[in-house]
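*Asks:* Residue numbers (the working numbering), protein chains in the order written: chain A, 1 to 275; chain B, 1001 to 1532. First the structure, which I've put down as structure tokens, then a few questions once you've had a look.
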């Protein structure tokens, strides 16, 4: 049987996804170096078509789309990753407690999870951001609050199955405490589905962030891709580059994350690929 | 005098109509359905309760007023055949037209006018209580004579008798029950050229021709359909395709209006907003320590590029403002542009000079001080405006952070809590400065909790005095001199940065003519509109 590394890196779709993601991360990290202008700074005439001087053109106020794209990558990635980390942490905690302790704890926590799952997540996110006043923090909170339930359910399911294994029973016999068993024996063995779900969640978070910014509920002092699409949408027929360029960036990034996520899934569950 | 003005208006109207018709000389014929885009759908049809724009667009066809107004804001007869202001300015007498009936067949009499002013305009209308504050009684010596008794002269009041501003309601319908929650609110009965027929929620309101309208042969149109289309690009497409024939007041995005103007089947005009004349502003909270300083306010005024805002945010619709009063008052002799002008090529440089001299030094990052700007939550243009303010003030060392809240919270923060540094807004000048301009700068208009009043909290006893005198001055020349003085002080003190006189594109399908014929524009009754 191939090693994880061989299965993962031997997948051309994973390589393509990783290449684009690597580029985005690099650009985001080096944003102030690559784009000398502040993304909101008015640098030239409005509606300049992409040219050598302004590689991606300018928007309706004469701001550089290139600067927006590069700084937007930063905002979009940071918000998506932080929101994902928060929702994975919370979802894992809820799922693990529910799965491990069962009974009333399980019932209570799962009803809570279902309560959140019954609310349409995007509309819920809109309401949360509107109540909290749009800012980077409220975007992260809103995305995390609407994304944790699936994580909780996945983790609970895994914990239920792992909990019945012999090595867990052995740990109980040895006299380890509940928390030690949960965090040292059970959770580490639920990691693979968690990694897959978590990585796909980053893509969802990017989409939610973009959609909120598109609606004008993004962080008003930060440039983001969704904001660029939203601000440019009324000019689609006059200046295609305003929406097309950030739109393609969102598309490629979300696609790449999905490719990598699926690659991870295939590599972590080799038996699935034989089916 | 009155006659000659009317004759002149008639000649001018014919001339304009001739221009529009160009190669068609056929007389107006009856028939046709005009599809009017109303955006958004009105919450109700109670124009005596709310001045919300979409309501007026529909109800102005149903309810006529005592007067109409031409594009120069001059009153014209409507339900009142003639009117007379007493020499002391303390009574206004209207002679009503004979034989006018409401849509239910009942005759319109002086009692209906009395009811509409004393029970509706003075009580339930948002602006009416202010406009008609001086009215102490309405006398009805006979069925066709109405006399308004005033506590003091109120020359501006004659501007408030359109069917849009002060609709004449049938007392036999609205007199019974609570006017604030009346069953006929959404089944209006008026005396206007069109009757209410049906309201399909979410889709359209249909109005049909009133065959008993008092103007001989009018209206020409058989039907007006007010359609509601949520998406702005769909509205543009509907106009292009001819599925809808008319859109006004921002129903079409400014950048699309330019494109539509190039279409052979459409005409885009900016006429028909003279009665509203909104002026955009960067509102400063002069209670804040930094903005109390006149030099800071002047520096900000210099840093703003009014023409840039007009060209790039409002796509050329508008002209630079010189103060709170719109130049649409120039024909009335009230406007004066002879004030301190802040717009300059090197505005940023001048502003930096003022702030340097005032002792607001820049720190290592080039920042003198910080301000929070609350973006006006009224759509894309205002978001761009906020971003522009942030950029421009950044150039003069003022670091601006933008906050974006919803309408309810923005209103509360701005006009109730007064908890902001800078924000944006636009106030309608309306038909007279007393109604539309005084509220922005008079100290008596510092009314926490009342929206669209003096939001900067700035006050000046000299300006108050001049405005108070202008309010009751019947002589036009003297009145205009008072405004000249007041506007000069206001421009020097610049408590609010007035940016541009807003102009809205109105799109009309060329199949129709004479749709926009007065200062009321889309809020007129459309009795002259016809299909070619």
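No residue lacks a Cβ here, since even glycine has one placed at the ideal position from N, Cα and C. Keep in mind it's a predicted model, so treat the numbers as computed, not measured.
Between which residues of its own chain and residue 1024 of chain B is the CB-CB distance below 7 Å, once the five residues before and five after are set aside?
*Replies:* Below a pLDDT of 50, predicted positions are generally treated as unreliable, and residue 1024 of chain B, at 43, falls in that range; the measurement from the model is reported next regardless. Excluding positions up to five away in sequence, the list reads 1532.
*Asks:* So is residue 1503 of chain B in contact with chain A if we call contact Cβ pairs under 7 Å?
*Replies:* It does not: the Cβ of residue 1503 of chain B has no partner Cβ on chain A nearer than 7 Å.
*Asks:* Among the residues of its own chain, which have a CB less than 8 Å from the CB of residue 1446 of chain B, if the five just before and after it don't count?
*Replies:* The residues are 1453, 1454, 1457 and 1459.
*Asks:* Is there a Cβ from chain A that is less than 7 Å from the Cβ of residue 1368 of chain B?
*Replies:* So no, residue 1368 of chain B is outside the interface.
*Asks:* Can you list the residues of chain A that residue 1387 of chain B reaches, using a CB-CB cut of under 8 Å?
*Replies:* In chain order: 40 and 61.
*Asks:* Would you report the Cα separation of residue 1443 of chain B and residue 1496 of chain B, rounded to the nearest angstrom?
*Replies:* Going from the Cα of residue 1443 of chain B to the Cα of residue 1496 of chain B covers about 14 Å.
*Asks:* In whole angstroms, give me the CA-to-CA distance for residue 1244 of chain B and residue 1034 of chain B.
*Replies:* Approximately 8 Å, taken between the alpha carbons.
*Asks:* With a cut-off of 8 Å on the beta carbons, I'd call residue 245 of chain A and residue 69 of chain A a contact; round off their distance for me.
*Replies:* That belief holds up - the Cβ atoms of residue 245 of chain A and residue 69 of chain A are roughly 6 Å apart, short of 8 Å.
*Asks:* Short check: CB of residue 1136 of chain B to CB of residue 1065 of chain B, under 7 Å?
*Replies:* No, the Cβ-Cβ distance between residue 1136 of chain B and residue 1065 of chain B is not below 7 Å.
*Asks:* Rounded to whole angstroms, what is the Cα-Cα separation between residue 1314 of chain B and residue 1254 of chain B?
*Replies:* Rounded to whole angstroms, residue 1314 of chain B to residue 1254 of chain B spans 6 Å at the Cα level.
*Asks:* Does residue 38 of chain A come out as helix, strand or coil in the three-state DSSP assignment?
*Replies:* Looking at residue 38 of chain A - three-state DSSP - the assignment turns out to be coil, as it is neither helix nor strand.
*Asks:* Which runs of the alpha helix (DSSP H) fall wholly inside the stretch 1193-1250 of chain B and span at least 4 residues, in chain order?
*Replies:* DSSP runs (the alpha helix (DSSP H)) wholly in the stretch 1193-1250 of chain B: 1232-1241.
*Asks:* Of the residues B:1406, B:1352, B:1417 and B:1358, which one's Cα is nearest the Cα of residue 1376 of chain B?
*Replies:* When only C-alpha atoms are compared, the closest one is B:1406.
*Asks:* Quick one: is residue 12 of chain A buried, meaning 16 or more other Cβ sit within 10 Å of its Cβ, or exposed?
*Replies:* Exposed, by the Cβ-count rule.
*Asks:* Does the structure place the stretch 168-187 of chain A close enough to the stretch 110-120 of chain A that three or more beta carbon pairs sit under 8 Å?
*Replies:* Judged by Cβ distances under 8 Å, the stretch 110-120 of chain A makes no contact with the stretch 168-187 of chain A, as fewer than three pairs qualify.
*Asks:* Taking any Cβ of chain A, which residues in the stretch 1231-1265 of chain B have a Cβ under 8 Å from it, in chain order?
*Replies:* Here the close residues are 1232, 1233, 1253, 1255, 1256 and 1259.
*Asks:* Taking the alpha helix (DSSP H) that residue 1300 of chain B falls in, what are its first and last residues?
*Replies:* Here the alpha helix (DSSP H) through residue 1300 of chain B covers 1294-1303.
*Asks:* Any residues in the stretch 43-58 of chain A with a beta carbon nearer than 8 Å to a beta carbon of chain B? Which ones, in chain order?
*Replies:* Listed in sequence order: 46.
*Asks:* Can you check whether the CB of residue 1403 of chain B is closer than 7 Å to the CB of residue 1356 of chain B?
*Replies:* Contact: no.
*Asks:* I'd like the ranges of any alpha helix (DSSP H) spanning at least 4 consecutive residues and lying wholly in the stretch 1013-1093 of chain B.
*Replies:* Complete alpha helix (DSSP H) runs here, min 4: 1053-1059.
*Asks:* Specify, as a first and last residue, the run of the alpha helix (DSSP H) that residue 1483 of chain B falls within.
*Replies:* Segment 1476-1493, the alpha helix (DSSP H) holding residue 1483 of chain B.
*Asks:* Looking at residue 1101 of chain B: is its Cβ nearer than 7 Å to the Cβ of residue 1212 of chain B?
*Replies:* Yes.
*Asks:* Mapping DSSP to helix, strand and coil, what is residue 1182 of chain B?
*Replies:* In this structure, residue 1182 of chain B counts as coil in the three-state DSSP scheme.
*Asks:* Cutting at 8 Å between CB atoms, please list the residues of its own chain near residue 1022 of chain B, excluding the five before and the five after it.
*Replies:* Low per-residue confidence applies at residue 1022 of chain B: pLDDT is 41, beneath 50, and the placement is therefore not dependable enough to give any value.
*Asks:* Strictly below 7 Å CB to CB, what residues from chain A border residue 1383 of chain B?
*Replies:* Near residue 1383 of chain B (Cβ distances below 7 Å), the residues of chain A are 216.
*Asks:* Rounding to the nearest angstrom, what Cα-Cα distance links residue 1079 of chain B and residue 1437 of chain B in this structure?
*Replies:* Cα to Cα, the separation comes out at about 28 Å.
*Asks:* What does residue 1039 of chain B touch in chain A if you count any residue whose Cβ is under 9 Å from its own?
*Replies:* The contacting residues do not exist; residue 1039 of chain B stays about 14 Å from chain A at best.
*Asks:* Would you please state the rounded distance, in angstroms, between the beta carbons of residue 1120 of chain B and residue 1132 of chain B? I believe it to be under 8 Å.
*Replies:* Actually they do not touch by this definition, with Cβ atoms about 10 Å apart.
*Asks:* Anything in chain B within Cβ reach of residue 238 of chain A, meaning under 8 Å, just list it in chain order.
*Replies:* 1255 and 1259, listed in chain order.
*Asks:* Are the Cβ atoms of residue 1306 of chain B and residue 1499 of chain B separated by less than 7 Å?
*Replies:* The answer is yes: Cβ separation under 7 Å.
*Asks:* Could you give the first and the last residue of the continuous beta strand (DSSP E) run that contains residue 1282 of chain B?
*Replies:* Here the beta strand (DSSP E) through residue 1282 of chain B covers 1278-1284.
*Asks:* Using a Cβ-Cβ cut-off of 6 Å (strictly less than) and excluding sequence neighbours within five positions of residue 82 of chain A, which residues of its own chain qualify?
*Replies:* Excluding positions up to five away in sequence, the list reads 140.
*Asks:* Secondary structure at residue 1342 of chain B, three-state DSSP: helix, strand or coil?
*Replies:* Residue 1342 of chain B falls in the coil class under three-state DSSP.
*Asks:* Determine whether the beta carbon atoms of residue 1184 of chain B and residue 1045 of chain B lie at a separation below 7 Å.
*Replies:* No, they are not a contact pair.
*Asks:* Along chain A, which residues have their Cβ under 8 Å away from the Cβ of residue 1401 of chain B?
*Replies:* Here the neighbours are 221.
*Asks:* Within the 7 Å Cβ cut-off, does residue 1406 of chain B reach chain A?
*Replies:* By this cut-off, residue 1406 of chain B is an interface position.
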